[in-house]
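In what follows, a single structure is set out as structure tokens and then discussed.
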Amino acid sequence: MAEAQAQAPSPEPILAVSASPAADLDATARGVHAAALAALPRASSARLHKLLKQQDPAEVWSQVVAGELPRWASSEDFADLWYRHARDCDLGALAEQLESLDAWVTTPVSPEHPPALVDDIDPAPILFRRGRVPDSGSPAVAIVGTRRCTPTGRSVAMELGAGLAEAGVTVVSGLALGIDGAAHRGALAAAAAPVVGVVGSGLDRVYPYRNLDLWDEVTASGTLLSEAPLGAEPEGWRFPARNRLLVALADVVVVIESKRAGGSMHTVEEAVRRDVVVMAVPGSVRNPAAEGTNLLLSEGCPPVCSTDDVLVALDLATAGTAAKDAGKAESPQANRVAQNSLNPLQKRLLQLLDDGPVSLDALVLRAASPVPEVLVAAEALERCGLLARDGSLVMRA
Amino acid sequence: MLATIRSATLVGVWGHQVSVEVHVADGLPGFTVVGLPDASCREARDRVRAAIISSKLKWPPKRITVNLAPNDMPKSGAGLDLAVAVGVLAADQQLAPETLKNMGVLGQLGLDGSVRPVPGALPLVDAIGDSPVVVAARDRCVAELVAREGVRPINNLKEMFKALSGTAPWPEPPPPPPPRRADPEPDLCDISGQPLARWALEVAAAGGHHLLFVGPPGAGKTMLARRMVGLLPDLTPQESLEVTRVHSAAGLVLPDGLITRPPFRAPHHSSSMAALVGGGTHMARPGEVSAATSGVLFLDELGEFAPSVLDALRQPLEEGKIRVARSQGMIEHPARFLLVAAMNPCPCGAGGTVGCRCAPAALARYQRRLSGPFVDRLDLVVRVDRPDPADLLDSRPSVSSAEVAQRVAEVRTLTRKRGVARNADLHGSALDQHAPLDAEATKVLRTALDEGRLSARGLRRVQTVARTIRDLDDGGLELRAQDLLAALSLRMRLDSTGSLIHG
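Taken in order, these protein sequences are the chains called A and B. My numbering puts the first residue of the first sequence at 13, with every later residue one more than the last. My numbering puts the first residue of the second sequence at 599, with every later residue one more than the last.
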């Protein structure tokens, strides 16, 4: 430490965030010091939590740049390592970057920091945020699942996202491809309750890039959170850490389609560690993307067959009212009406699909009708919403 | 002394007359060839000298200058060898120059004086066909297709010298070889099941619509595509001549006579741009798309072709010809092919959802290889899957190619009455005139447009496919909703997960 001090000619220039004191204050409010701390090497969340749970980040930062970290802050001597990195850190540029992203950085001492993440068994000491401050009082449900989902899984995720948002529940998810993204798209379409997205990369690194639109929409009408410092690439180890935040922020975790192993199952483990209720959507035994969820069900997780099942688990609805609501849904009746206007070939195709999904070729062979007629009938059924396609297969919707 | 011999050289798929002027004069012995010869043309010097000496004729120890007129057109290939050789003999007064008046000469020379066939014999003979043409014996059949004043087949330089100097008659042409039995085209009845893909083949063949099969490995995409040729009608006389001309110019093996069946070309996916669209350093040789004109161009493993190569196919797909520009000029080749392509839905073949081992990024990269404008030109995109064994066993016997070809021929007859060869060629007002929509059909199209499933080009293309579907059904004038729905359900697109969607 003495050596470090000898190398430091003067700490003042580093502390100077900006020329004007007003801007200086603003940057501090944005949490520029916390952002700089998050970017230090080997700054694990446990280590940072020790430092930040009581102290203001600006104070901690001044200790770091002075090379004067309290010895209790870590079992090893980080003062030197951190001091060398902090010396090259340009707080002004960092403040500008936060400003341009309109991102805020919070620590346990700031009132906007989600309390659930402070009291957690594996707390998140520094959180980057875009969008509004999440409402810690409202019920929240995390919807997770495989990136490689079936169209059925995707539509279930959208419906569930929309249904929960309409009931005023905050939908928390990871903005990944597949189930995660679909749940958020559903919730955003309903536009009834704010959503929370927790991502694994830095807030300036959109990943997956294909979800850029979703990323922007979540920021605009909800909250985007990340524990990773700005510029952090979506490295593999960041996602398990992200999953624990999803769980910590949620009252219930719903898994829609997951393979036997994978990120969603890791999320489930985190939920079990925290006693958060895990629910799963049942899937076909033939669907490899539902192996994990069916396993969860067999292990005793409550099943989710409709939005109401989740609402009941949240105590937002009672089983009785939920059942009554289900009667009002009318979708079976609507189907029945549509079925009455079907022609004989269309009815026959639906009968053939009762045995399960088949390829269109097999459908043509089994219907023993000319190809164009079967194609036209299938088109018509798809338009009425009675038939769905998944890759090469057609099935009853 | 000066002698002028008529011969021809290839520019693209067309022959152009060349006057081979040979000047023999006193001076230091030497041999120069001028008039834009290419490398193989310039090498004629050495071949001609050796051939004349091997034929026991006299090589003049004089200054020999050969000019290939017109001087501004590049000459290529060794087809001018024989003309240069007889030119030298005539200019040296070993032959009377008047015997060579009104006579075309075409042939490569061997060092022993033998005369060999030239690539592109058909267009070359066509270019000098208004006088008798001396050709290699092996070029005789092709030359006789277009020669208007007779063909003089010879085997070697000595024979020609004797015939020209009057010491022996022109050699008797050898009897034509027995016609080779054409390999039978693969038949559709070899395939059981796959009703959707078979029907798509039928529609594509009947209307000339470009077709893409998407499916996992082993589903039978290649097998199906190879059966397309068997469904197409014989070439018309003009098409036949054009195809033979292109194949001759491309140096492909020709049958003994005109090509009468549609060609089938299946270039490998590693093919370069020049191999596919034609080209070369100086003048453009016809490529695979031209060799497939009036026939089928089959691109297997479409996703493995270089994207730039595929995008080069846009012009021929739209216009039926390809223009290739090189430093020495621009050449237009015919390229009116029917594209049949096959690809896997994703690199691993399983197609996005269940059991697919591809990373999402790899999938997206695979799909991006096909550019939007290219895919927009594919009218029929059909999923082909491994058939269910149970369905294979109890399905009815498959329909043979002959039966389908009969229906295709009937549609083509209907189409010719509309003034085009194929329904896919119907454009603009002709399309509205010959494929009007009834009220229900208009509604179907409007819905598809509103849902964003169709582009303006896609709309017209769907209309032509629907026309073909109606033609295959009963040939009625107005397109019904069911025709358009069927056409729409054949116009699928790959989405980002490798599964087919409407679009």
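From the three backbone atoms N, C-alpha and C, an ideal C-beta is built for every residue, glycine too. It should be emphasised that the depicted structure is a prediction, and the values quoted were computed from it without experimental measurement.
In the DSSP assignment, residue 896/B falls within the unbroken beta strand (DSSP E) covering 894 to 897. Out of 675/B, 932/B and 730/B, the CA that lies nearest to the CA of residue 707/B is found in 675/B. When CB distances to chain A are screened at a threshold of 9 Å, the residues of the segment 957 to 974 of chain B falling below it are 958, 959 and 962, in chain order.
Residue-level contact by beta carbon fails for residue 944/B and chain A, as no gap is shorter than 8 Å.
Each of 752/B, 775/B and 743/B was checked against the Cα of residue 766/B, and the nearest Cα belongs to 752/B.
Three or more beta-carbon pairs separated by less than 8 Å are not found between the segment 137 to 150 of chain A and the segment 276 to 286 of chain A, which leaves the two stretches without contact.
Residue 734/B has a beta carbon lying at 8 Å or more from every beta carbon in chain A. The C-beta of residue 1067/B comes closer than 8 Å to at least one C-beta of chain A.
The Cβ atoms of residue 619/B and residue 669/B do not sit closer than 8 Å to each other.
By the beta-carbon neighbour count (other beta carbons within 10 angstroms, threshold 16), residue 837/B is buried. For residue 942/B, the three-state secondary structure derived from DSSP is coil. Collapsing the DSSP output to three states places residue 395/A in a helix. In terms of beta-carbon proximity, residue 787/B stays away from the interface with chain A, with every pair separated by 8 Å or more.
Between residue 867/B and the set 892/B, 890/B and 902/B, the nearest pair of CA atoms involves 902/B. The beta carbon of residue 163/A lies closer than 8 Å to those of 400, 401 and 402 in the same chain, with the five residues before and after it left out. In its chain, beyond the 5 residues on either side, 901 and 905 have a beta carbon closer than 7 Å to the beta carbon of residue 967/B.
Apart from the 5 residues on each side of it in sequence, residue 840/B sits with its Cβ closer than 8 Å to the Cβ of 891, 892 and 932 in its chain, given in chain order. Distance from residue 613/B to residue 662/B at the Cβ level is roughly 26 Å; contact not present, criterion being Cβ atoms closer than 8 Å. The alpha-carbon of residue 788/B is positioned some 8 Å away from that of residue 996/B. Excluding its 5 nearest sequence neighbours in each direction, residue 94/A has C-beta neighbours in its own chain below 6 Å: 52 and 76, listed in chain order. Cα atoms of residue 405/A and residue 46/A: separation of roughly 52 Å, rounded to the nearest angstrom. Bounds of the beta strand (DSSP E) holding residue 209/A are 207 to 211. Interface criterion met: the Cβ of residue 1086/B is under 8 Å from a Cβ in chain A. Look at residue 154/A here: in three-state DSSP terms it is strand. Residues of the segment 159 to 173 of chain A whose Cβ lies closer than 9 Å to any Cβ of chain B, in chain order: 159, 160, 161, 162 and 163.
Its chain contains 693 as the residues whose beta carbon lies nearer than 6 Å to that of residue 687/B, once the 5 sequence neighbours on both sides are disregarded; these appear in chain order.
For residue 70/A, the closest of 90/A, 315/A, 49/A and 61/A by C-alpha to C-alpha distance is 49/A. Under the three-pair Cβ rule at 8 Å, the segment 184 to 195 of chain A counts as touching the segment 150 to 166 of chain A.
Check the Cα spacing between residue 875/B and each of 1047/B, 913/B, 640/B and 944/B: the tightest is with 913/B. Membership of residue 631/B in the beta strand (DSSP E) is indicated by the continuous run 628 to 632. Within chain A, no C-beta atom comes nearer than 8 Å to that of residue 815/B; the closest sits roughly 13 Å away.
Leaving aside the five residues that flank residue 209/A on each side, the residues in its chain whose CB is nearer than 6 Å to its CB run, in chain order, 187, 230 and 236. The segment 95 to 102 of chain A makes no contact with the segment 120 to 132 of chain A, as fewer than three CB pairs between them are under 8 Å. In the structure shown, residue 138/A falls within a coil segment according to DSSP collapsed to helix, strand and coil. Between residue 1039/B and residue 1089/B, the gap from beta carbon to beta carbon reaches 8 Å or more. The beta carbon of residue 792/B falls within 8 Å of a beta carbon belonging to chain A, placing the residue at that interface.
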